[in-house]
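Chemist: The UniProt record's numbering puts the first residue of the sequence shown at 1, with every later residue one more than the last.
Here it is: the structure, laid out below.
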Amino acid sequence: MARYYSHRSNLKQVAWLYIRLAPPYIRASRDLRRLESISLSPAFAGFDELLRGLAHIRAFGMEKRYQNSFYAKVDKFQSFDHCYWLVNCWLRWRYDCLGSVIVLLSTLFALWMKVRDGSTAIVIVQAGVFAEASRQLVRVAAQLELDFNSVERVIEYLDIPQEAPAIIEDHRPPAFWPSNSGKLVVENLSVKYAPALPAVLRNLSFSIEPSEKIGVVGRTGSGKSTLAMSLLRIIEPVGGRIIIDGIDISTIGLEDLRKRITIVSQDVSLFSGTLRSNLDPMEEHSPEECTEVMKRCHLDSVIVHKENDRNALLNMPVNQGSLSGGERQLVALSRAILRGTNVIIMDEATSQIDAQLDENIQKTIREELGGAIVITIAHRLKTIIDYDRILVLDDGEIAEFGTPKELLNKDGGVFKEMKTESDSDFSGEDDETHSVIGTLPPLPITFSTSLATTTNVLTSSILYLSTETRNGK
Ligand SMILES: Nc1ncnc2c1ncn2[C@@H]1O[C@H](COP(=O)(O)OP(=O)(O)OP(=O)(O)O)[C@@H](O)[C@H]1O
Ligand SMILES: [Mg+2]
């Protein structure tokens, strides 16, 4: 009986050791796993940067630096990973020892109780299985705790403020909305990017008549793009409302709103596919219509050199990097004209297109979108100078709103000042360039190998050649 009690106390001690070893392992493995995932993200981000900027890295001869920094990130990750597996080995070794003690004690107990051979074998095998299962139990408990970290993150994302619903069944606009006889009215619009930040647009009120073409100008940061985004409810206003063709846009679903209004932004995104799939992703228009719009937007004449066969132009493969900035803007404009909505917003949509082509595009906009409200944000005043009215924003407020003629005749007006500045910038630039060119030394003939000298020589050569050209030599 005494031996039976000694066995029981031995088993208790082993069980206590089992319980004693688990918590430190769980804590250590959880923290190491966390550190591992934290250190893995910079390694991936670094690799991504490396791939994107490979050309620049090679151009500046920085391969070694980037390679070393990538190795450092991988080393850091590996150090945590290595420690994690060491901690696993730590636990395995201890649990294996404890498992052996359990098997030994069970064997001794079976022999002492004089149980039959078959039963002894079962006891020994089951003791081994118990030892392995208890180790797995601790490992799974640690893993479970780690997985709950992910649940924590999912819950965090569930709490993120959501956009308004895509469709509000009770408030769907009619199919013809916005019609070409509807006004766009902005009443006391105030917009903030965050509750703690100051308002970017303050009490803006104006009204746009049906089919009016409005130019929006203002200094950098005056809130032009914010106004465009508010019209699409990309940012929800903190005060005021926008009424398009009689419907307050805050009462309808976002999908209904964004499908009926077109925005052409400065940074045009293209899908990987063909020119056609970019112009008309839903295939709602015929190839003939697409070709016609491309012609009107001068897109075919610009990129025809890439594809000799004009008919094959629609099937020309394109992706984000295969067209120039200006060509991408032309694709976006064609896309906007093809959609044929009655409200179109263009945020610096022709900023990368040359002045002559911009003029032609403006002509096309007037012809093609004659019945639509067009709001064009532009830095180049020439783009919007013949629009119906010009809205001048200054620090989130309306500084002026009127026809270009009215604004240009207004003494001390902001638009008049901007026009004068832009005119003098052009002429000033020219004069300055001439004066610099006039004082330049003749083309040097000795070339130094140092980078600084080479740069100077190249600059001088270019300026020298332009002087010669200007002088008609
Ligand atoms: N995501 C944002 N979070 C916080 N503030 C922002 C954000 N985007 C813009 N702003 C701020 O809002 C103000 C207006 O920005 P907005 O982009 O509308 O100017 P803009 O008139 O379009 O300028 P630009 O002529 O340079 O395009 C700026 O002061 C800007 O710093
Ligand atoms: Mg902007």
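Using N, Cα and C, we set each Cβ at its ideal position, and we do this for glycine too.
Is it the case that the Cβ atoms of Y18 and L91 are separated by a distance below 8 Å?
Modeler: Position 18 of the sequence shown holds residue 18. Position 91 of the sequence shown holds residue 91. No, they are not a contact pair.
Chemist: Does at least one heavy atom of ligand 1 sit under 7 Å from the Cβ of G223?
Modeler: Sequence index remark: in the sequence shown, residue 223 carries index 223 (1-based). Flag set: Cβ of G223 near ligand 1.
Chemist: Per DSSP, what kind of secondary structure is M316 in: helix, strand or coil?
Modeler: Residue 316 sits at position 316 when you count from the first residue of the sequence shown. Reduced to three states, the DSSP call for M316 is coil.
Chemist: By the 10 Å Cβ neighbour count, where 16 or more other Cβ atoms means buried, how is R135 classified, buried or exposed?
Modeler: Taking the sequence shown and counting its residues from 1, the one referred to as residue 135 is at position 135. Its Cβ being crowded by 16 or more others within 10 Å, R135 is buried.
Chemist: For G218, verify whether its CB is less than 7 Å away from any heavy atom of ligand 1.
Modeler: Stepping through the sequence shown from its first residue, residue 218 is reached at position 218. Yes - ligand 1 has a heavy atom lying nearer than 7 Å to the Cβ of G218.
Chemist: Is the closest heavy atom of ligand 2 to the C-beta of D267 under 7 Å?
Modeler: For the purposes of this step, residue 267 is identified with residue 267 of the sequence shown, where counting begins at 1. Answer for D267: no, Cβ out of range of ligand 2.
Chemist: For V331, collect the residues of the same chain with a Cβ closer than 8 Å to its Cβ; drop the 5 residues on either side in sequence, then sort them by chain order.
Modeler: Numbered from its first residue, the sequence shown carries residue 331 at position 331. Correct list, in chain order: V268, L270, L275, N278, L279, L299, V318, L323.
Chemist: Can you grab the Cα-Cα spacing for the pair E429 / R380, in whole Å?
Modeler: What you label residue 429 is simply residue 429 of the sequence shown in a count that begins at 1. What you label residue 380 is simply residue 380 of the sequence shown in a count that begins at 1. Note that E429 scores 42 on pLDDT, short of 50, meaning its location in the model is unreliable; the coordinates nonetheless yield the value given after this. Distance between the alpha carbons of E429 and R380: 16 Å.
Chemist: Could you tell me whether any non-hydrogen atom of ligand 1 is closer than 7 Å to the CB of L299?
Modeler: Residue numbering aside, residue 299 sits at position 299 when the sequence shown is read from its first letter. No; taking the cut-off as 7 Å, the Cβ of L299 has no heavy atom of ligand 1 nearer than that.
Chemist: Taking its Cβ as the centre, do 16 or more other Cβ atoms sit within 10 Å of S9, making it buried, or is it exposed?
Modeler: Here residue 9 corresponds to residue number 9 of the sequence shown, with the count starting at 1. So S9 ends up on the exposed side.
Chemist: Just checking: is the beta-carbon of D411 within a distance shorter than 8 Å of some beta-carbon in chain B?
Modeler: Protein chains in the displayed structure number just one, and chain B is not present.
Chemist: Compute every distance between the C-beta of T403 and the non-hydrogen atoms of ligand 1, then say whether any falls below 7 Å.
Modeler: Mapped onto the sequence shown, residue 403 falls at position 403. No, the Cβ of T403 stays beyond 7 Å of every heavy atom of ligand 1.
Chemist: Any heavy atom of ligand 1 closer than 7 Å to the CB of T226?
Modeler: Working through the sequence shown from its first residue, we reach residue 226 at position 226. Yes; taking the cut-off as 7 Å, the Cβ of T226 has a heavy atom of ligand 1 nearer than that.
Chemist: Between E348, L104, L391, which lies nearest to G128 when the distance is taken from Cα to Cα?
Modeler: Here residue 128 is taken as the residue at index 128 of the sequence shown, counted from 1. For the residues E348, L104, L391, the minimum Cα distance to G128 belongs to L104.
Chemist: Look up G221 in the DSSP assignment and say whether it is helix, strand or coil.
Modeler: On the sequence shown, position 221 is the one that residue 221 refers to. Note: G221 maps to coil in three-state DSSP.
Chemist: Beta carbon of F401, beta carbon of L408: below 8 Å?
Modeler: As a first step, residue 401 is located in the sequence shown; it is residue number 401 there, counting from the start. As a first step, residue 408 is located in the sequence shown; it is residue number 408 there, counting from the start. Not closer than 8 Å, so no.
Chemist: Please indicate yes or no: does the CB of Y18 lie closer than 7 Å to some heavy atom of ligand 1?
Modeler: For the purposes of this step, residue 18 is identified with residue 18 of the sequence shown, where counting begins at 1. Answer for Y18: no, Cβ out of range of ligand 1.
Chemist: Any chance the CB of residue 483 is under 7 Å from a heavy atom of ligand 2?
Modeler: No answer is possible for residue 483: it lies beyond the span of the chain, which begins at 1 and ends at 473.
Chemist: State the DSSP-derived secondary structure class of F148, mapped to helix, strand or coil.
Modeler: Within the sequence shown, numbered from 1, the residue matching residue 148 stands at position 148. Residue state, collapsed to three classes: helix.
Chemist: For the candidate residues G326, M294, Q67, I384, whose alpha-carbon lies nearest to that of N315?
Modeler: Stepping through the sequence shown from its first residue, residue 315 is reached at position 315. Considering only alpha carbons, the answer is M294.
Chemist: With respect to 7 Å, is the separation between the Cβ of Y193 and the closest non-hydrogen atom of ligand 1 below this value?
Modeler: Taking the sequence shown and counting its residues from 1, one reaches residue 193 at position 193. Checking the Cβ of Y193 against ligand 1 gives yes.
Chemist: Closer than 8 Å by C-beta to A45: which residues in its own chain qualify, once you throw out the five before and the five after it? Chain order, please.
Modeler: Position 45 of the sequence shown holds residue 45. Closer than 8 Å at Cβ, skipping near neighbours: no residue.
Chemist: Secondary structure at I234, three-state DSSP: helix, strand or coil?
Modeler: Against the sequence shown, residue 234 aligns to sequence position 234. Coil at I234, not helix or strand.
Chemist: Quick check on Q356: buried or exposed, where buried means 16 or more other Cβ atoms within 10 Å of its Cβ?
Modeler: As a working note, residue 356 is residue 356 in the sequence shown. Q356 is exposed by the Cβ-count criterion.
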